[in-house]
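Participant: The structure follows.
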Amino acid sequence: MDGVPEPYTGWTFITNHARVLAAIADDHSARIRDIAAYCRLTERAVQKIIADLERDGYLSHTREGRTNTYRIEPSKVLRHPAESGLTVAALLSLLVQDEADRGTSPEPEDKARVTAPDAKSRPHVTA
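Numbering (the working numbering), first residue to last: 93 to 219.
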């Protein structure tokens, strides 16, 4: 099948659900095909992830002709107990910042640093 990304069998730090959510945040009317290509997933995997996100209230969509327009629920709290209190908006802001940083000159890997933006935030690594 043409256009199917190469499979990746190792583990990653960012889940496919987070990748799909970030792709939708970048373009609320993106086609599943485009999301799949951006995230290096199959279209079927993206469909299942979108269904998961919609079922749990993180995402909704409206049909406009042949196009879906997605709406992300930014105040929805992340699912894992370790992230209690962190919202979808906080996750997306980290991913957006990462994308912005990729456009600038990156620091060498050995210069990655741990920062805590404020006293209530959990420390996070910036590169």
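Note that beta-carbon positions come from the ideal geometry of N, C-alpha and C, so glycine has one too.
Nothing here was measured: the structure is a model prediction, and the numbers come from that model.
Near R111, which residues of its chain fall below 6 angstroms by C-beta distance, leaving aside the five closest residues on each side in sequence?
Facilitator: C131
Participant: What first and last residue would you give for the alpha helix (DSSP H) that runs through Y150?
Facilitator: That residue, Y150, is in no alpha helix (DSSP H); it is neither H nor E in DSSP.
Participant: Return the chain-ordered list of same chain residues with a C-beta closer than 7 angstroms to the C-beta of A114, the five sequence neighbours on each side being excluded.
Facilitator: Only L184, L187 meet the Cβ criterion.
Participant: Quick check on the burial criterion: 16 or more other C-beta atoms within 10 angstroms. Buried or exposed for A122?
Facilitator: buried
Participant: May I have the straight-line CA-CA distance separating T159 from T107, to the nearest angstrom?
Facilitator: 26 angstroms
Participant: Can you tell me where the beta strand (DSSP E) with R125 in it begins and where it stops?
Facilitator: R125 -> not in any beta strand (DSSP E); alpha helix (DSSP H) instead, spanning 124-131.
Participant: For the segment 163-179 and the segment 139-155, state whether three or more C-beta atom pairs, one from each stretch, are separated by less than 8 angstroms.
Facilitator: Enough Cβ pairs lie closer than 8 angstroms, so yes.
Participant: What does R163 pair with, by DSSP beta-bridge criteria?
Facilitator: Beta-bridge pairing links R163 to S152.
Participant: Just confirm the distance between the C-beta atoms of T161 and V169, as a whole number of angstroms; I'd bet it's less than 8 angstroms.
Facilitator: In fact, because the Cβ distance is near 24 angstroms, the residues do not count as touching under 8 angstroms.
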